[in-house]
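Numbering (this note's numbering), first residue to last: 219 to 619. From the three backbone atoms N, C-alpha and C, an ideal C-beta is built for every residue, glycine too. Beneath this line is the structure, given in structure tokens, with notes to follow.
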């Protein structure tokens with residue numbers, strides 16, 4: 219999964235070729251020639267995510283642990299951690315209720331207000347130049363700033379967290395330091411809210427009826443998981459939607475004034491270029507038959523949301539416009555899917571961010587040819603390295619908008 223097909227090739231064609239050769243379940247290798255199964259089929263992915271007893275999120279059952287070095291690069295994706303991502307059973311259900319209820323308390327009006335304010339401030343930073351990179355200067359900052367605000371951080375503290383959050387997401391140099399900074403900041407916030415509660419996610423996490431069951435470390439980890447995993451897909455959702463609106467003729471006519479097209483573009487992206495492409499994963503708790511394959515107990519299954527979304531059995535016409543169809547796998551499925559409140563928060567931030575940008579810069583256009591845009595080299599996520607644009611220079615509006 220780290221070969222040129224996944225990293226720099228036509229990934230859609232790669233999925234089609236794999237499906238034709240192997241069917242809905244394909245054998246793949248991860249770093250170090252570690253074997254796994256890639257689930258390409260929509261029905262098969264639905265079956266796996268809907269049966270946690272047979273396909274668990276608990277990686278301790280993996281039959282490859284004796285081959286995995288402690289410094290394996292993918293360890294953060296499979297190594298069991300004290301967060302909700304690796305919880306199973308009834309305890310996961312109660313922990314999920316805690317997180318979901320804390321996020322559900324976010325007021326939609328306040329969310330939009332925060333999103334508009336931060337979007338305006340970021341655009342103020344480059345609007346007078348007539349050019350910008352909408353990845354580095356906008357999409358990779360806006361979600362982190364808004365999430366920090368609703369979690370309980372001040373704007374100044376939220377701004378200071380953005381580089382750390384992006385460092386953790388990149389997983390490269392500075393990732394460990396970024397995680398440590400984020401962990402310290404989260405700990406400080408939780409301790410302050412224990413003394414002086416407020417109307418934010420941090421307070422609701424600690425005062426929830428289920429909170430007594432979980433340690434302070436677990437609550438802190440869940441805070442970190444939600445702010446990091448909420449930031450990157452939302453950032454890519456913004457930039458992938460803007461790319462589509464700037465390059466696809468179906469949206470070009472309404473780009474400069476039609477807000478209805480924003481929702482359509484965002485929905486289309488979740489089918490065609492979903493930010494979360496492949497995730498590791500699920501582990502078989504016993505031998506099973508799936509998609510014509512013999513899956514052995516302990517086998518790792520990597521879930522391909524992107525391939526399932528393009529499964530010809532559920533989308534025979536790959537060129538048809540998906541419209542309002544939201545049966546995509548982009549937010550997962552089953553007990554470990556992205557919580558609905560988190561999905562609504564991500565959608566609110568992304569849509570507001572796109573609308574504000576188009577309102578402020580109505581003639582925004584690509585500064586390079588579509589073919590010059592480069593996707594980040596990750597088999598798991600889908601996002602651009604940069605999105606250079608030009609527009610008519612305008613003046614800043616500050617917070618008076």
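For residue 502 and residue 272, which I take to be in contact (beta-carbon distance under 8 Å), what is that distance rounded to the nearest angstrom? As a working note, residue 502 is residue 284 in the chain shown. As a working note, residue 272 is residue 54 in the chain shown. Right, the Cβ-Cβ distance comes to about 7 Å (below 8 Å), so this counts as a contact.
Have a look at residue 475 and residue 397 and give me their C-alpha separation to the nearest angstrom. Sequence index remark: in the chain shown, residue 475 carries index 257 (1-based). Sequence index remark: in the chain shown, residue 397 carries index 179 (1-based). Because the pLDDT of residue 475 is 49, which lies under 50, any placement of that residue in the model is unreliable, and the number read from its coordinates should be weighed accordingly. Going from the Cα of residue 475 to the Cα of residue 397 covers about 40 Å.
Pick helix, strand or coil for residue 273, following the three-state DSSP scheme. By one-based count along the chain shown, residue 273 stands at place 55. It is a strand residue.
Segment contact flag, the region 417 to 435 with the region 338 to 355, C-beta cutoff 8 Å, min 3 pairs: no
Straight-line Cα distance separating residue 414 from residue 533: For the purposes of this step, residue 533 is identified with residue 315 of the chain shown, where counting begins at 1. For the purposes of this step, residue 414 is identified with residue 196 of the chain shown, where counting begins at 1. Rounded to whole angstroms, residue 533 to residue 414 spans 52 Å at the Cα level.
Please classify residue 353: does DSSP put it in a helix, a strand, or coil? Counting from 1 along the chain shown, the entry for residue 353 is found at position 135. If DSSP states are grouped into helix, strand and coil, residue 353 belongs with the helices.
How big is the Cα-Cα spacing for residue 596 and residue 227? Stepping through the chain shown from its first residue, residue 596 is reached at position 378. Stepping through the chain shown from its first residue, residue 227 is reached at position 9. Taking the straight line from one Cα to the other gives about 11 Å.
Reference residue 561; option with closest CA among 609, 579, 589, 448: Your numbering for residue 561 matches position 343 in the chain shown. When only C-alpha atoms are compared, the closest one is 448.
Look at the alpha carbon of residue 345 and the alpha carbon of residue 579, and state the distance between them as a whole number of angstroms. One-based indexing of the chain shown puts residue 345 at position 127. One-based indexing of the chain shown puts residue 579 at position 361. Rounded to whole angstroms, residue 345 to residue 579 spans 8 Å at the Cα level.
For residue 429, which option in 234, 544, 316 has the closest C-alpha, if you only look at C-alpha atoms? Numbered from 1 along the chain shown, position 211 holds the residue referred to as residue 429. Looking at the Cα atoms, 316 is the closest of the given residues.
Looking at the secondary structure, which residues open and close the alpha helix (DSSP H) in which residue 287 lies? As a first step, residue 287 must be located in the chain shown, where it is residue number 69. No alpha helix (DSSP H) holds residue 287; DSSP gives it neither H nor E.
Go through its chain and collect everything with a Cβ distance to residue 300's Cβ below 6 Å, but skip five positions before and after it. Counting from 1 along the chain shown, the entry for residue 300 is found at position 82. So the list reads 435, 436, 439, once near-sequence residues are dropped.
Any idea which residues DSSP pairs residue 545 with across the strands? Within the chain shown, numbered from 1, the residue matching residue 545 stands at position 327. Beta-bridge pairing links residue 545 to no other residue.
Using 8 Å as the threshold, is the C-beta distance between residue 508 and residue 243 below it? The residue given as residue 508 occupies position 290 in the chain shown. The residue given as residue 243 occupies position 25 in the chain shown. Contact: yes.
Check whether the Cβ atoms of residue 292 and residue 522 lie closer than 8 Å to each other. Along the chain shown, read from residue 1 onward, the residue named residue 292 stands at position 74. Along the chain shown, read from residue 1 onward, the residue named residue 522 stands at position 304. No. Outside cutoff.
On a Cα-Cα basis, can you pick out the residue from 614, 453, 400, 334 that is closest to residue 600? The residue labelled residue 600 in the question sits at position 382 within the chain shown. Of the listed residues, the one whose Cα sits closest to residue 600 is 453.
Rounded separation between residue 275 and residue 499 - CA only: Position 57 of the chain shown, counted from the start, is the residue given in the question as residue 275. Position 281 of the chain shown, counted from the start, is the residue given in the question as residue 499. Approximately 7 Å, taken between the alpha carbons.
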